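Enquirer:
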Amino acid sequence: MYNDKVMDHFMNPRNVGVIENPSGVGEVGNVSCGDIMKIYLLIDDNDVIVDIKFKTFGCGSAIASSSIATVMIKGKTVSEALKLTNKDVLDELGGLPAVKIHCSVLAEQALKAAVLDYANKTGKHYPELDGFEPDDGHDDHGLVQIEF
Ligand code: FES
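Here the numbering used here is used: the first residue of the sequence shown is 4, the next is one more, and so on.
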């Protein structure tokens, strides 16, 4: 059901953790499964994402998706990173079962939420975020209150 790459990123996830004093933090949840993903970004003066960490309270596919997304994002500029789609995450993982596609969406959304936080703090504007609603998919019944 899961290929070796997915299993590797699930069993040995990269970039797990927290960044103290991050440039931006994003947290998103999925209403239907209740899974939550939080991404921390450290961005330098050149708009390069020099560090990224994540915490995922969720299924194995969500953990594998977050892990590979952080590997793909680290070292990119913010604008480059915002081009990352859940399809890119899926392709890099070598695919997920159809019922697990939404898990890769969580990674894309968490990144956007973290960049939006950064943009709000710095007054920067990223056209890629136009129309992005960070509360999309949030569970409004307390799940997003969980602190890792
Ligand atoms: Fe919800 Fe995977 S089952 S993120």
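Cβ coordinates follow ideal geometry from the N, Cα and C atoms, glycine included.
Remember, predicted model here, so these are calculated numbers, not experimental data.
Taking Cβ positions, are Leu96 and Val31 nearer each other than 8 Å?
Expert: Indexing the sequence shown from 1 puts residue 96 at position 93. Indexing the sequence shown from 1 puts residue 31 at position 28. It is not a contact, given that the beta carbons lie outside the stated cut-off.
Enquirer: Alpha carbon to alpha carbon, how far is Gln112 from Gly61? Give it in angstroms, no decimals.
Expert: Your numbering for residue 61 matches position 58 in the sequence shown. Your numbering for residue 112 matches position 109 in the sequence shown. Straight-line Cα distance between these residues: approximately 15 Å.
Enquirer: What are the start and end residues of the alpha helix (DSSP H) that includes Lys41?
Expert: Residue numbering aside, residue 41 sits at position 38 when the sequence shown is read from its first letter. Where Lys41 is concerned, there is no enclosing alpha helix (DSSP H), although the beta strand (DSSP E) it sits in stretches over 39-46.
Enquirer: Within 10 angstroms of its Cβ, does Asp94 collect 16 or more other Cβ (buried), or is it exposed?
Expert: Taking the first residue of the sequence shown as 1, we reach residue 94 at position 91. It counts as exposed.
Enquirer: Suppose the cutoff is 6 Å on Cβ atoms and the five residues either side in sequence are ignored; what does the same chain contact list for Val12 look like?
Expert: As a position in the sequence shown, residue 12 is number 9, starting the count at 1. The identity of residue 12 in the sequence shown is His, whereas the question assumes Val. Only Ala67, Ser70, Ile71 meet the Cβ criterion.
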